[in-house]
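A.B. asks: Okay, here's the structure, questions in a sec.
2 protein chains.
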Amino acid sequence: MNYLPISFAEKFSLFDDAWQPKVVAEMNDYQFKLARLEGEFVWHQHADSDETFIVIEGELTIKFRDGVVQLVAGELFVVPKGVEHKPIAAKEAKVLLIEPRGVVNTGDLDEGNRRAENDVWI
Amino acid sequence: MNYLPISFAEKFSLFDDAWQPKVVAEMNDYQFKLARLEGEFVWHQHADSDETFIVIEGELTIKFRDGVVQLVAGELFVVPKGVEHKPIAAKEAKVLLIEPRGVVNTGDLDEGNRRAENDVWI
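Chains as they are written, first to last, in the working numbering: chain A, 20 to 141; chain B, 20 to 141.
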């Protein structure tokens, strides 16, 4: 039989909402999530896990309390666990996130309108 | 300070050997590895872990005992643990592999000239 790969472009064509990660695949207990990022996110951290960002299209800035990293398409950055960070995209960026199942986008923050429903597949 | 992202293109410019994955980053106990694939690899499986392939450039075929998957750039496939597979690239493909630290490229095979040195960083 022919198995089907996951096409990032095809999956991105299925949603428009920003800051709402969509799960597209799992590897062991990790999830691959696609997200459209535009504007400024909130400062937060993930106490129990590193978090990987891979930029698929556009440009992404991640601020830290002690610095910043700038990513363009074809670049990867791993935010260490426990490190406060604030993603910012001046224009829309399409991003692949990789992190353990169960990690919430706003990390340690209990509330706030940036908190996305978790484990939403597309 | 300015932190530096990992650029796939820059890392690929640093090596030419095929079937020799190079680690470029870690997330918890997982590794991100870049590899140039060209020709046919050996049938093998990884008993303890799923393995993720993301094609960065070119085309990749992964054969299974019961089928096949064809990937182009911008596509992802997770090979489930314990599933025999044989990667094939008619022309060179540039691939991002994601799997736990310690996973050997030839999986359950004890020997063979396709076995790459593990945990080589670039």
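In this text, a Cβ means the ideal position worked out from N, Cα and C, and glycines have one as well. This one's a predicted model, so the numbers in the text were calculated from it and none came from an experiment.
1) Name, please, each residue of chain B whose Cβ falls closer than 7 Å to the Cβ of Val114 (chain A).
2) Is Val147 (chain B) near Val42 (chain B), with beta carbons less than 9 Å apart?
3) For chain A, check one thing: does any of its Cβ atoms lie closer than 9 Å to the Cβ of Ser68 (chain B)?
4) Quickly, what does DSSP pair Ala54 (chain A) with across the bridge? List them, please.
5) Expressed to the nearest angstrom, what Euclidean distance is found between the alpha-carbon atoms of Tyr49 (chain B) and Lys113 (chain B)?
6) Which stretch, first to last residue, makes up the alpha helix (DSSP H) that contains Lys30 (chain B)?
7) Can we say the region 28-36 of chain B touches the region 82-90 of chain B, given the rule of at least three CB pairs closer than 8 Å?
8) Determine, using beta carbons only, whether Val139 (chain A) comes closer than 9 Å to chain B.
9) Check whether chain A comes within 9 Å of Val91 (chain B), counting only Cβ atoms and requiring the distance to be less than that.
10) Determine, for Leu33 (chain A), whether the minimum Cβ-Cβ distance to residues of chain B falls below 9 Å.
11) Write down every uninterrupted run of the beta strand (DSSP E) in the region 68-125 of chain A whose length is 3 residues or greater and which is fully enclosed by it, in chain order.
12) What residue from A:Ser32, A:Tyr22, A:Phe51 and A:Ile25 has the CA that sits closest to Val122 (chain A)'s CA?
13) What does the alpha-carbon distance come out to for the pair Ile117 (chain A) and Glu70 (chain B)?
14) By the DSSP assignment, the beta strand (DSSP E) with Glu45 (chain B) in it spans what residues?
15) Quick one: using the 10 Å Cβ neighbour count with 16 as the cut-off for buried, is Asn124 (chain A) buried or exposed?
16) Does the beta-carbon of Leu23 (chain A) have 16 or more other beta-carbons within 10 angstroms, so that it is buried, or is it exposed?
17) Going straight from the alpha carbon of Ala78 (chain B) to that of Glu29 (chain B), what length do you get?
18) Do Arg84 (chain B) and Glu103 (chain B) have their CB atoms nearer than 9 Å?
19) Taking 9 Å as the cut-off, decide whether the C-beta atoms of Met20 (chain A) and Gly86 (chain B) are in contact.
20) Confirm, please, whether the CB-CB distance from Glu59 (chain A) to Pro106 (chain A) is below 9 Å.
C.D. replies: Once the coordinates are examined:
1) For the purposes of this step, residue 114 (chain A) is identified with residue 95 of the first sequence, where counting begins at 1. Within chain B, no residue comes near Val114 (chain A); the closest Cβ sits about 12 Å away, beyond 7 Å.
2) What the structure shows of chain B is the stretch from 20 to 141, and residue 147 (chain B) is not part of that stretch, so it cannot be assessed.
3) By 1-based counting over the second sequence, the position of residue 68 (chain B) is 49. Cβ-Cβ to chain A under 9 Å: yes for Ser68 (chain B).
4) On the first sequence, position 35 is the one that residue 54 (chain A) refers to. In the DSSP output, where bridge partners are listed per residue, Ala54 (chain A) has A:Val114.
5) Working through the second sequence from its first residue, we reach residue 49 (chain B) at position 30. Working through the second sequence from its first residue, we reach residue 113 (chain B) at position 94. One alpha carbon belongs to Tyr49 (chain B), the other to Lys113 (chain B), and they sit about 20 Å apart.
6) Counted from its first residue, the second sequence places residue 30 (chain B) at position 11. Unbroken alpha helix (DSSP H) run through Lys30 (chain B): Phe27 to Phe31.
7) no
8) As a position in the first sequence, residue 139 (chain A) is number 120, starting the count at 1. Val139 (chain A) does not count as touching chain B.
9) In the second sequence, residue 91 (chain B) corresponds to position 72, counting from 1. Yes, contact with chain A.
10) For the purposes of this step, residue 33 (chain A) is identified with residue 14 of the first sequence, where counting begins at 1. Taking Cβ atoms only, chain B never reaches closer than 9 Å to Leu33 (chain A), which makes this a no.
11) 70-76, 78-83, 86-91, 94-98 and 104-119
12) On the first sequence, residue 122 (chain A) is found 103 positions in, with the first residue counted as 1. Comparing Cα positions, the closest option is A:Phe51.
13) Taking the first sequence and counting its residues from 1, one reaches residue 117 (chain A) at position 98. Taking the second sequence and counting its residues from 1, one reaches residue 70 (chain B) at position 51. Using only the alpha carbons, I get a separation of about 14 Å.
14) Along the second sequence, one-based indexing puts residue 45 (chain B) at 26. Counting along the chain, the beta strand (DSSP E) containing Glu45 (chain B) begins and ends at Lys41 to Met46.
15) Stepping through the first sequence from its first residue, residue 124 (chain A) is reached at position 105. It is buried - the Cβ of Asn124 (chain A) has at least 16 other Cβ atoms within 10 Å.
16) Position 4 of the first sequence, counted from the start, is the residue given in the question as residue 23 (chain A). It is exposed - the Cβ of Leu23 (chain A) has fewer than 16 other Cβ atoms within 10 Å.
17) The residue you call residue 78 (chain B) lines up with position 59 of the second sequence. The residue you call residue 29 (chain B) lines up with position 10 of the second sequence. The question names Ala, yet the displayed sequence has Glu at residue 78 (chain B). Distance between the alpha carbons of Glu78 (chain B) and Glu29 (chain B) is about 20 Å.
18) Numbered from 1 along the second sequence, position 65 holds the residue referred to as residue 84 (chain B). Numbered from 1 along the second sequence, position 84 holds the residue referred to as residue 103 (chain B). Yes, Cβ-Cβ distance for Arg84 (chain B) and Glu103 (chain B) is below 9 Å.
19) One-based indexing of the first sequence puts residue 20 (chain A) at position 1. One-based indexing of the second sequence puts residue 86 (chain B) at position 67. Contact: yes.
20) For this step, residue 106 (chain A) is matched to residue 87 along the first sequence. For this step, residue 59 (chain A) is matched to residue 40 along the first sequence. The criterion of a C-beta distance shorter than 9 Å is satisfied by Pro106 (chain A) and Glu59 (chain A).
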